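The numbers in UniProt numbering rise by one with no breaks, and the one at position 99 of the sequence shown is 99. Even glycine gets a Cβ: it sits at the ideal position worked out from N, Cα and C. Just so we're clear, the structure is a prediction, and the values are computed from it rather than from any experiment. Working notes, structure below.
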Amino acid sequence: MTTGSNEPKSRYLQYLEIVTGSLEEKKRYRQYKARIKQLPENYRIAVEALERYLMHFGPADGAGAMAMYDDLAELFEQGAADGTPIRDIFGADPVEFVEAFMANYPLGQYRTRERNRFTSAIERAAGENTTTKDRTD
């Protein structure tokens, strides 16, 4: 059922991926979940909580999400190996941590730019800010 990297996908696989999404991304997600399952319990709880947050506010596409999840797994695997306390990873504000983490990925950069545009538009509407330089940021 799998094809080599040089072989074209069969019509069946093409149709299946249209219906279910990329099979390669699903495989990467299963590998990610297996990595998380191997973490010590307190790290696993933290990652699962962060993952829930990302499911609601993070990237929705497979490739963007998987890049972020792979980096997340690596961060917590390294933290667990080094014995880094959870609070040292997240800092005082977990939401600030996850927002900064997401900003490193294309969707996170888009969201930050749109937040800045929105805030700036409200400031201009309220007469607090008359500059328009942020329109192209």
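Our two residues, A121 and N104, have alpha carbons roughly 24 Å apart in a direct line. The C-alpha of E25 is placed about 9 Å away from the C-alpha of A65. Cβ-Cβ separation between R44 and I36: approximately 6 Å, consistent with a contact (criterion under 8 Å). Annotation note: the region 38-107 contains the following uninterrupted alpha helix (DSSP H) runs of length 4 or greater, listed N- to C-terminal: 41-57, 62-82, 86-90 and 94-102. Relative to the Cα of A46, the nearest Cα in the group A81, I86, E74 and G79 belongs to I86.
The C-beta distance from E77 to L39 rounds to 7 Å, short enough to fall under 8 Å. Of all alpha-carbon atoms in N42, Y32 and R113, the one lying nearest the alpha-carbon of D70 is that of Y32. Listed in chain order, the non-local C-beta contacts of A67 below 8 Å within the same chain comprise Y105, local neighbours out to five positions each way being set aside. By the neighbour-count criterion, in which a residue is buried when 16 or more other Cβ atoms sit within 10 angstroms of its Cβ, F118 is exposed.
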